[in-house]
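Have a look at the structure below before the remarks.
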Amino acid sequence: MPSPAPADVLADPADAARRAADVLAERTGAERHDLALVLGSGWGTAVDAMDVVAEVPAHEVPGFLAPVVEGHVAVFRSVRLDETDRRALVLGSRTHLYEGRGVRAVAHGVRTAAAAGCRGVVLTNGCGGLDPDVAPGQPVLISDHLNLTGTSPLEGATFVDLTDLYSRRWRDVAREVDPSLTEGVYAQFPGPHYETPAEVAMAGVLGADLVGMSTALEAIAARAAGLEVLGLSLVTNLAAGVGSSALSHEEVVEAGRAAGPRLGALLAKVVVRL
Ligand code: 8IG
Numbered sequence: 344m345p346s347p348a349p350a351d352v353l354a355d356p357a358d359a360a361r362r363a364a365d366v367l368a369e370r371t372g373a374e375r376h377d378l379a380l381v382l383g384s385g386w387g388t389a390v391d392a393m394d395v396v397a398e399v400p401a402h403e404v405p406g407f408l409a410p411v412v413e414g415h416v417a418v419f420r421s422v423r424l425d426e427t428d429r430r431a432l433v434l435g436s437r438t439h440l441y442e443g444r445g446v447r448a449v450a451h452g453v454r455t456a457a458a459a460g461c462r463g464v465v466l467t468n469g470c471g472g473l474d475p476d477v478a479p480g481q482p483v484l485i486s487d488h489l490n491l492t493g494t495s496p497l498e499g500a501t502f503v504d505l506t507d508l509y510s511r512r513w514r515d516v517a518r519e520v521d522p523s524l525t526e527g528v529y530a531q532f533p534g535p536h537y538e539t540p541a542e543v544a545m546a547g548v549l550g551a552d553l554v555g556m557s558t559a560l561e562a563i564a565a566r567a568a569g570l571e572v573l574g575l576s577l578v579t580n581l582a583a584g585v586g587s588s589a590l591s592h593e594e595v596v597e598a599g600r601a602a603g604p605r606l607g608a609l610l611a612k613v614v615v616r617l
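Reading the sequence shown from the start, the letters are residues 344 to 617 in my numbering.
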């Protein structure tokens, strides 16, 4: 039976998350999951070597649709983390603000993770880099963000503290695994167009090191839902005006493909330590 239209499901976000978590529990055989991973551009193959116990097509889970972007994978996986049967819920795709389905659809993944029992979420993305010395293909830890979308995933008088939104504890864990990891401030733009060089320069003045079209809104929703957050960006291209060449989606997909094995090794070592 097809899922109800996501717009209807998301009329009550908390109920939608509970229903999605119920379906995932049933389809994965795991009553609860411990940790969630959201895979962004370039991170699609990063869990392929892990112990995948079950796969569920995203559109069969209430509130989710198949993704619209090539290179994003529309499947949820339940991954066994260790012998104690701790499970990670891997969301192979996300809903972006630019898809026009609203902030509830953007936040539905992390809310579902929380409803499924997760203590925390690893948010990954592909992004543009402002530092010409950080070459495409480098993963970077997100230390903080600038939400430049002009919106919030929270509705009503929900005053959530975002000091230390990106867990210092978990960043330290990631650096124990890979001491070469650097940190940066991620600016979320609404997209779907890339920035102009002037906008990239503006983001730099404001303190951004990385520019992208996701993550910040999800991180806010995750914190509001009580989740600890680790943010990992893959620099897939130099932001507009930083390098000499124009930006292309093909370049982004190729940088992800090339970095895949490194990202997989990094994630596999990090998630078991969180
Ligand atoms: I992958 O350069 C990727 N996503 N806004 N700018 C923005 N989003 C991105 C970029 C980029 N690269």
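The beta-carbon is built from N, C-alpha and C at its ideal position, and this holds for glycine as well.
Please read these numbers as outputs of a predicted model, since none were measured by experiment.
Identity of the residue in Gly445, Gly471 and Val399 nearest Ala354 by Cα: Sequence index remark: in the sequence shown, residue 354 carries index 11 (1-based). Checking every option, the nearest Cα to that of Ala354 belongs to Gly445.
Heavy atom of the ligand 8IG within 7 Å of Leu473 beta-carbon: Along the sequence shown, read from residue 1 onward, the residue named residue 473 stands at position 130. Relative to the ligand 8IG, the beta carbon of Leu473 is positioned no closer than 7 Å to any heavy atom.
Top-ranked residue by Cα proximity to Gly383, from Gly555, Tyr509 and Asp504: The residue you call residue 383 lines up with position 40 of the sequence shown. Of Gly555, Tyr509 and Asp504, the smallest CA-CA separation from Gly383 is found for Gly555.
Heavy atom of the ligand 8IG within 7 Å of Thr579 beta-carbon: For this step, residue 579 is matched to residue 236 along the sequence shown. For the ligand 8IG, at least one heavy atom lies less than 7 Å from the Cβ of Thr579.
Segment contact, 8 Å Cβ cut-off, at least three pairs: the segment 533-552 with the segment 452-459: No, the segment 533-552 does not touch the segment 452-459.
Met556 beta carbon near the ligand 8IG (any heavy atom closer than 7 Å): Indexing the sequence shown from 1 puts residue 556 at position 213. Met556 Cβ: within cutoff of the ligand 8IG.
DSSP bridge partner residues for Gly621 (one or two, in chain order): Examination of residue 621 is not possible in this model, given that the chain is present from 344 through 617 alone.
Local conformation of Pro400 per DSSP, three classes: Sequence index remark: in the sequence shown, residue 400 carries index 57 (1-based). In the three-state scheme derived from DSSP, where H, G and I count as helix and E and B as strand, Pro400 is classed as strand.
Proximal residues to Thr501 (C-beta, below 7 Å), its chain only, five neighbours per side dropped: Your numbering for residue 501 matches position 158 in the sequence shown. So the list reads Ala567, once near-sequence residues are dropped.
Three CB pairs or more closer than 8 Å across the segment 389-400 and the segment 475-487: The segment 389-400 vs the segment 475-487: no contact.
Check: Glu538 C-beta below 7 Å from any heavy atom of the ligand 8IG: The residue labelled residue 538 in the question sits at position 195 within the sequence shown. Yes - the ligand 8IG has a heavy atom lying nearer than 7 Å to the Cβ of Glu538.
Cβ-heavy atom distance, Ala562 to the ligand 8IG, below 7 Å: By one-based count along the sequence shown, residue 562 stands at place 219. Residue side-chain check: Ala562 keeps its Cβ at 7 Å or more from all non-hydrogen atoms of the ligand 8IG.
Among Arg362, Thr525, Thr494 and Ala608, nearest to Gln531 - alpha-carbon criterion: By 1-based counting over the sequence shown, the position of residue 531 is 188. Gln531 has its Cα closest to that of Thr494, out of Arg362, Thr525, Thr494 and Ala608.
Range of the contiguous alpha helix (DSSP H) that encloses Glu426: If you number the sequence shown from 1, residue 426 lands on position 83. Segment: none, Glu426 is in no alpha helix (DSSP H) and carries neither H nor E.
Asp425 beta carbon less than 8 Å from that of Val613: Here residue 613 refers to the residue found at position 270 of the sequence shown. Here residue 425 refers to the residue found at position 82 of the sequence shown. If you check the CB distance, Val613 and Asp425 do not come in under 8 Å.
Beta-carbon proximity of Leu560 to Leu466, cut-off 8 Å: For the purposes of this step, residue 560 is taken as the residue at position 217 of the sequence shown. For the purposes of this step, residue 466 is taken as the residue at position 123 of the sequence shown. Between Leu560 and Leu466, the C-beta spacing is not below 8 Å.
Spatial distance of Leu367 from Ala517 (CA atoms): Sequence index remark: in the sequence shown, residue 367 carries index 24 (1-based). Sequence index remark: in the sequence shown, residue 517 carries index 174 (1-based). Leu367 and Ala517: Cα-Cα distance of roughly 28 Å.
Meets three-Cβ-pair contact criterion under 8 Å: the segment 595-604 and the segment 578-585: With a cut-off of 8 Å on Cβ pairs, the segment 595-604 is in contact with the segment 578-585, counting three or more such pairs.
Inter-residue spacing [alpha-carbon to alpha-carbon] between Leu575 and Ala562: The residue given as residue 575 occupies position 232 in the sequence shown. The residue given as residue 562 occupies position 219 in the sequence shown. Between Leu575 and Ala562, the C-alpha separation is close to 12 Å.
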